[in-house]
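Numbered as in our numbering, the sequence shown ends at 132 without a single skipped number.
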Amino acid sequence: AATALRRAHPGRMELGAADPRGSIAAQQELENLHRVFSTLDANGDGRISESEITRVLVSFGYRPRKNEVADMIWEVDQDCDRHVSWAEFELMFTRCRGDRTGLEPRKLFDVVEFMMHDKDGSGKVSFDEC
């Protein structure tokens with residue numbers, strides 16, 4: 003049976019039962035999300051820090067303003083450790099992806115969405131990467 007994302011509880015998606023609407027696409031999205039998390043988590047400790055996000059943004063040619071990256075983390079940091087864990091990262095992504103109100107914080111989500119499409123890490127999204 004195909005594996006897909008299913009709603010486990012509000013705002014969180016998990017791998018689960020088959021979904022004929024796009025199980026392969028859902029699996030690819032989860033793999034891309036893991037790839038982006040690993041790219042951001044440069045030291046491999048399972049948490050994304052302010053300096054790790056800043057490093058990626060600077061590599062794309064963007065210089066974040068003072069406290070901009072700290073605010074990105076604060077918006078999704080549920081345990082207030084000033085880092086983003088995989089669980090917080092995944093929850094942020096699924097909540098923003100499903101947000102129809104426009105109320106979910108989107109700063110980090112926008113960076114993640116860009117990185118998911120920028121598969122070669124060039125800081126640009128080519129037609130082929132879309």
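Heads up, the beta-carbon is just placed ideally off N, CA and C, and yes, glycines get one too.
Best match in the options for proximity to residue i [C-alpha to C-alpha]
i       : options                         : result
Leu-105 : Met-94, Val-114, Ala-89         : Met-94
Lys-121 : Gln-29, Ser-25, Ala-28, Glu-33  : Glu-33
Pro-107 : Gln-29, Asp-73, Ser-40          : Asp-73
Ser-124 : Asp-130, Phe-62, Thr-103        : Phe-62
Thr-96  : Asp-81, Leu-59, Val-114         : Val-114
Met-118 : Ala-27, Glu-31, Arg-67          : Glu-31
Ile-50  : Asp-83, Arg-67, Ile-26, Ser-128 : Asp-83
Residue span of the alpha helix (DSSP H) that contains residue i, given as start and end
i       : result
Ser-124 : From DSSP, Ser-124 is part of no alpha helix (DSSP H); its letter is neither H nor E.
Gln-2   : Because residue 2 is not part of the residues shown, which for the chain are 3 to 132, the question remains open.
Cys-82  : From DSSP, Cys-82 is part of no alpha helix (DSSP H); its letter is neither H nor E.
Nearest-angstrom Cβ-Cβ length linking residue i and residue j, presumed shorter than 8 Å
i      : j      : result
Leu-35 : Ile-55 : Not a contact, Cβ separation roughly 16 Å.
Val-86 : Asp-79 : 6 Å
Glu-92 : Ile-75 : Their Cβ separation, rounded to whole angstroms, is 15 Å, which puts Glu-92 and Ile-75 out of contact at 8 Å.
Reduced DSSP secondary structure (H/G/I, E/B, other) of residue i
i       : result
Ser-53  : helix
Ser-87  : strand
Phe-62  : coil
Glu-106 : coil
Gly-100 : helix
Contacts around residue i, its chain only, beta-carbon distance under 7 Å, and the 5 residues preceding and following it disregarded
i      : result
Ala-44 : Glu-54, Arg-57
Glu-77 : Pro-107, Lys-109, Leu-110
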